[in-house]
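In my numbering, the protein residues as written are 2 to 364.
The structure under discussion appears below in the form of structure tokens.
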Ligand code: IPM
Ligand code: MG
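This is the structure we're talking about:
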């Protein structure tokens, strides 16, 4: 197959890791007889510097015309003092809204090879953690009406959801659960918020279409607690934009694998998806060849799976990453407390070498 991928390296370590992602994609293309072409687009701080805005229309247009979009990371202290509507993060919202990628899949997976990095006690983690957060991405308070009064003494943001917006995300939650442990937990604040009560209503109204899935509801404050108390009770969590933002950070941290976690943002399938590592731009280590490229490489696997229907190719990448970890290779962030042993074994590696190792395993 021939496919066009838009690349948004972005800021900080973004260019370092996206580069490794494309090298891995090329290795997969060579192995399976595909051809991937790339077009780099500017967004985030890089676009602010060059064009004075975080997401020029031309950048969005290039993404919309591509078969898929891979993003590194955006933002950094350099742009901390620009006005709110011009911040690098605005590029992310513009991409999500502009590409209509309403569903954000954030798997929080503990890699067994990295279990020492998990901050939870062994008896809580048991044999491992594997939670999928399905976060609504183009609605709710992130996109609702906001403003200030004339006197500048009050400000507001609005949480607003339509039934179709809720239904499409919950259906994806149910479908994802069907492919996993068949449990869906809808997280909300239905004891307070009217919008949450509508989420529950919609879930109840469609649950009979998924009789094999066990549906439950949980208030978000309790969910935040349960994630550290007993995370193994969760399979798929479906939730609103803001609750998903908060809980996915928590879920990623309890796996101890923040430098390893990928994400996919998907729409209705008529346009490209947006794939990115869940970590940030880490400007302090940019360009130093020490950032961990594995979350981006695993995002490439998700890209192949969801946008190109290349399941075998996706698995090939995931297996290669597993093998690299099995052999003990680590970047600094995932070496954790065993860093001295990793170093002594000559297995502490940088960004490029980690990319090389994955490519070698792809064969
Ligand atoms: C995320 C990030 C973004 C969000 C920020 C950078 C706008 O935290 O992708 O989780 O809040 O969605
Ligand atoms: Mg976040």
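Backbone N, C-alpha and C define an ideal beta-carbon position, used for all residues, glycine too.
CB contact flag (residue 136, residue 60, <9 Å):
no
Paired residues, beta bridge with residue 119 - DSSP:
The bridge partners DSSP lists for residue 119 come to none.
So does the segment 122-137 actually touch the segment 91-99, counting three or more Cβ pairs closer than 8 Å?
no
Is it buried or exposed, residue 88, if we count other Cβ atoms within 10 angstroms and call 16 or more buried?
buried
Validate contact between the segment 271-291 and the segment 4-21 using beta carbons, cut 8 Å, 3 pairs
Between the segment 271-291 and the segment 4-21 there are three or more inter-stretch CB-CB distances shorter than 8 Å, so the stretches are counted as touching.
For residue 131, which of helix, strand or coil comes out of DSSP?
strand
Collapsed DSSP secondary structure at residue 235 in the structure displayed:
coil
Cβ contact check for the segment 277-288 and the segment 296-309: 3 or more pairs under 8 Å:
yes
Spatially closest choice to residue 177 from 238, 151, 168 and 152, by CA coordinates:
238
Specify the secondary structure class of residue 146 as computed by DSSP and reduced to three states.
Here residue 146 sits in coil by DSSP.
Taking a cut-off of 6 Å, which residues have a beta-carbon closer than that to any heavy atom of ligand 2, in chain order?
Selection around ligand 2 by beta-carbon proximity, strictly under 6 Å to any non-hydrogen atom, yields 246 and 250 in chain order.
Which of the three DSSP states, helix, strand or coil, is assigned to residue 294?
coil
Quick check: the Cα distance between residue 179 and residue 67, rounded to an integer number of angstroms?
30 Å
Which complete beta strand (DSSP E) runs does the segment 138-225 hold, if anything under 3 residues is left out?
147-149, 156-158, 184-189 and 215-220
Does the pairing of the segment 47-58 with the segment 243-262 give three or more beta-carbon distances under 8 Å?
In this structure the segment 47-58 does not lie against the segment 243-262, because fewer than three pairs of beta carbons, one per stretch, are closer than 8 Å.
Neighbourhood of residue 314 by C-beta, 7 Å cutoff - its chain only, sequence neighbours within 5 removed:
29, 33 and 305
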